[in-house]
Amino acid sequence: MRRLILLAIIVITCFACNQKDENSMLLTGKVKGLKKGSLVLKKIEDEKLIVLDSIVMNGEEDFAFETIVAEPEMFYLQLDKLDGHPNDDNIPFFADKGAIVINTTLKDFGVDYTVTGSKNHDLLEQYRKVMKPVNDRNLDLIEETFKADVAKDSVKLAELEKKAVSLLRNKYFRALNFALSNKDAEIAPYIGAQEIGDANLKILDTLHSSLPENIKKSKYGKELRAIINGVN
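Everything in the sequence shown is counted per my numbering, starting at 2 for the first residue and increasing by one.
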């Protein structure tokens, strides 16, 4: 009997270890030029940014984190330069189980970096390229609107408002098309919930209805469903 109990404990322990290994993410990389500082790994939980782990860097440029990732979701690698400004820069990336590598520099941390090993992050980069013309045009419209407002040019302001509405429709159209084209990945509901969550119900529902069941049950699939339910 004691042997059976001991065997059961060993089996359960091994199963737990295997489960941990299956969901483990090994995040490694290099911050070229970093001599002193702290790297902090974070994620959003219950609408709050929480710390998962941190490393004090002292003369090293290479770093490594290991943590459990139950499913693909957005993580943040933050650099604290220990100069009195703890929230200096951060790198958002789609975390996933397995090996992920982030390489960047101290000078361009949070601006210029590469992320490899994450399918959803690759798709996120593609999405950003698709949306770049829209975002650039939006910045232009903001500047033009400011100038027209200073000049009290009501005709120009009305014209710019129409252009802004048209651009917003274009944004939703591009985002929806990209999400639908990648509906089998967690990036799809992420776009719906985090990027165009203010779109009308028809757009969000069209996206959610197209998702396979496993993606609907994902973190961002549930967030998208909650937004739709909140609109109703």
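Using N, Cα and C, we set each Cβ at its ideal position, and we do this for glycine too.
Beyond the five residues adjoining it in sequence on each side, A165 comes within less than 7 Å, by CB distance, of L142 in the same chain, given in chain order. Contact between the segment 171-187 and the segment 106-115 is not established, with fewer than three Cβ pairs separated by less than 8 Å. Counting C-beta atoms within 10 angstroms of its own C-beta, E187 has 16 or more neighbours from the protein chains shown and is therefore classed as buried. In the structure shown, L78 adopts extended strand secondary structure according to DSSP, grouped into three states. V112 sits in coil when the DSSP states are folded into three classes, being neither helix nor strand.
Excluding five sequence positions before and after K157, the CB atoms of its chain that fall closer than 7 Å to its own CB belong to A149, given in chain order. Contact between N121 and A71 fails: their C-beta atoms lie close to 14 Å from each other, not under 8 Å. Residue pairing by DSSP places V52 opposite K43 in a beta bridge. Contact annotation: T68 and L42 have beta-carbon atoms nearer than 8 Å. Here G231 is exposed. Its C-beta has fewer than 16 other C-beta atoms within 10 Å.
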